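Using mature numbering (1 follows the signal peptide of the UniProt record, and there is no 0), the letters of the sequence shown correspond one by one to residues -16 to -1, 1 to 339. Cβ coordinates follow ideal geometry from the N, Cα and C atoms, glycine included. Because the structure is a prediction, the values reported are computed rather than measured.
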Amino acid sequence: MSLVAAFLAFTGTAEAYHQIDAKFTFRKNIDPIVVPGQYVSHMHSFFGSDAVTANTTTSAEVQTGCNTNTNPNDLSVYWTPTLYAVVGDERIPIEPNSFKAYYNNIGDADITFPQDFKVVAGNALATSQADVDPKSTMSWWCEYGPEGGPKDEAAFPTQSCVKGRLQTILRFQDCINPDSHEAVYSSNQYGTSNWCPKGMKRIPQLRFSVRYDTSKALPNGWTGKAPLELASGSSYSFHGDFINGWLPEAAENLLAATDKREWQPVSGPLSRTASCSPTDPDPENGTDDWAKSVAFINSGSSASGSYGSEIVEIKTPEAGASITEEIKAPAPLSGPECYKSKLKARKSKRRHMRA
């Protein structure tokens, strides 16, 4: 545990937080974490630094972008599946009118976010509440008004929200292996002082808070089943991705945000954000059009459309053991099969880590 973290733990400020407001940068059918180098992803909406392409993997890359985050020292990239209004056969994108990234429970952290850390929270394959990890606390609700009666936490409201104000939240994993960057949710069931599996370190917990205004796309509102869908599918499939872009000095200073009621500044090398307009850095590839993205998926249009060979590392955190084996795909996969298989592989890997 760092000296700063130790001091914060001693003074009892486990609920300390820092907040980032990030602006929408662009929409595109890429996911550099799940399907790197390919254009077979469902549509995502990106926020923060605009320096992200299908091939982005490092903090250094995202730190070169036009930054829309309120803290100039946070050049992270945040993204979620695009929300659409369903009007007949048409899909109308609804981009958030507010995207906030909260860094919670800072006083519980052993370390800050390491460079090149990237993570996915939520289940893009979820079709029911049972598929949603309760530790993610993912839910949908109306910010200002009634939601139309009982519903699953992760289901859309059964009537339109007052002023169209729809909101969702998602919490991220807060235990990581400092070497492999594998991440899981903390739990007292691990029987460790930091609530992490043996060998893992606690980090601040990232939480997305996303607000939408559906009134323009759906001026007449709805009663009953919401005419909404995510690019990934049902409301239950909401998920979030994050590539750490905090400058190293500021990432360490993040651990000093001690006030749990008021926004706390986090200092770093940069005192102001450069004036710029975010753009897609790779406009010649992929698409921001829903119908075209579906065509990309169905045709398997990507650089290779296949797995080839992958090295999969299976962790057993409690025992501190790891097994590395080469998995050869029996045959190339393309289109949605390739994308879904990647997601299932990631989900299986997380289950191994929790075992």
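By Cβ distance below 8 Å, which residues in the same chain neighbour residue i in space, the five residues on each side in sequence not counted?
i           : result
residue 253 : 57, 231, 233 and 234
residue 62  : 6, 30, 31, 32, 83, 85, 192, 224, 225 and 226
residue 11  : 27, 28, 29, 30, 66, 77, 79 and 272
residue 275 : 75
Near residue i, what residues of its chain come up, given a Cβ to Cβ distance below 7 Å and the 5 sequence neighbours on each side ignored?
i          : result
residue 35 : 45, 46, 48, 49 and 265
residue 69 : 76, 78, 198, 201, 202, 211 and 212
residue 95 : -15, 162, 185 and 187
Report the three-state DSSP secondary structure of residue i (helix, strand or coil).
i           : result
residue 224 : strand
residue 97  : coil
residue 239 : helix
residue 193 : strand
residue 72  : coil
residue 15  : coil
residue 110 : coil
residue 167 : strand
residue 232 : helix
residue 91  : helix
residue -9  : For residue -9, the predicted model reports a pLDDT of 35, less than 50, meaning its position is unreliable; a value from the coordinates is still stated below. Residue -9 falls in the helix class under three-state DSSP.
Using a Cβ-Cβ cutoff of less than 6 Å, which residues in the same chain neighbour residue i once the five nearest sequence positions on both sides are dropped?
i           : result
residue 215 : 26, 27, 65 and 66
residue 101 : 165 and 228
residue 207 : 143
residue 218 : 111
residue 88  : 1, 189 and 191
How is the beta strand (DSSP E) around residue i delimited, first residue to last?
i           : result
residue 85  : 82 to 88
residue 105 : 102 to 106
residue 268 : Careful: residue 268 lies outside any beta strand (DSSP E) and carries neither H nor E.
residue 3   : 2 to 5
residue 214 : 212 to 214
Between which two residues does the alpha helix (DSSP H) harbouring residue i extend?
i           : result
residue 281 : 274 to 283
May I ask you to check if the CB of residue i is nearer than 6 Å to at least one heavy atom of the ligand FMN?
i           : result
residue 263 : Within the structure as shown, the ligand FMN is missing, as the structure has no ligands at all.
- Query: Taking only runs of the beta strand (DSSP E) that begin and end inside the region 114 to 165, which ones reach a length of at least 3 residues, in chain order?
  - Reply: You should have 123 to 126 and 149 to 155.
- Message: List, from N- to C-terminal side, the alpha helix (DSSP H) runs of 4 residues or more that fit wholly inside the region 23 to 62.
- Response: 43 to 46
- Message: Within 8 Å, do at least three Cβ pairs link the region 107 to 127 to the region 70 to 80?
- Response: no
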